[in-house]
């Protein structure tokens, strides 16, 4: 019986081995290229997907770098704009202050001229009144009327002395 079991087992082993070899030969002859083609196609697709992902990552990195540069450039421009505005406002402020000082100087000068003119007018008015009083006083003292020429000379002489004092 043992021999029979061994023979049966050996026969089964030969049949299974033959079947596997036959199956291998048939698969190799008719389906191997299709099966390996499917695996190769799958491998190529995976490689292509990986390559595409790497390219997308590289593009994303490039885009990120470009955006960072643009942001840095925008910040720099904003800083320049602020600095320009600061300088402009400073120069405008200086200009306004300078113009105000010039205007104040002109107003002071105008006031001085007005004072001088008022003073000259007051002195002329006082001189005229003094001249009239002097003539009246002189007429009373001399009890005579002076002619116009003598009166004018007397006034001029008195005014010259008054101007010197």
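In my numbering, the protein residues as written are 41 to 205.
Built from N, CA and C at the ideal position, the CB exists for glycine as well.
Classification of residue i by the beta-carbon crowding that lies within 10 angstroms, buried from 16 upward
| i | result |
| --- | --- |
| residue 195 | buried |
Whole-angstrom C-beta distance between residue j and residue i, which should lie under 8 Å
| i | j | result |
| --- | --- | --- |
| residue 199 | residue 167 | 6 Å |
Residue i versus residue j - alpha carbon distance
| i | j | result |
| --- | --- | --- |
| residue 65 | residue 53 | 18 Å |
| residue 188 | residue 170 | 17 Å |
| residue 72 | residue 82 | 15 Å |
| residue 59 | residue 50 | 14 Å |
| residue 130 | residue 144 | 21 Å |
| residue 135 | residue 98 | 54 Å |
| residue 137 | residue 108 | 43 Å |
| residue 132 | residue 125 | 10 Å |
| residue 113 | residue 128 | 22 Å |
| residue 62 | residue 91 | 40 Å |
| residue 94 | residue 106 | 18 Å |
| residue 156 | residue 190 | 32 Å |
| residue 152 | residue 139 | 20 Å |
| residue 192 | residue 149 | 36 Å |
| residue 102 | residue 96 | 10 Å |
| residue 162 | residue 172 | 15 Å |
| residue 77 | residue 89 | 18 Å |
| residue 119 | residue 146 | 40 Å |
| residue 70 | residue 87 | 27 Å |
| residue 165 | residue 197 | 17 Å |
Any non-hydrogen atom of the ligand FMN within 7 Å of residue i CB
| i | result |
| --- | --- |
| residue 118 | Of ligands this structure carries none, so the ligand FMN is not represented either. |
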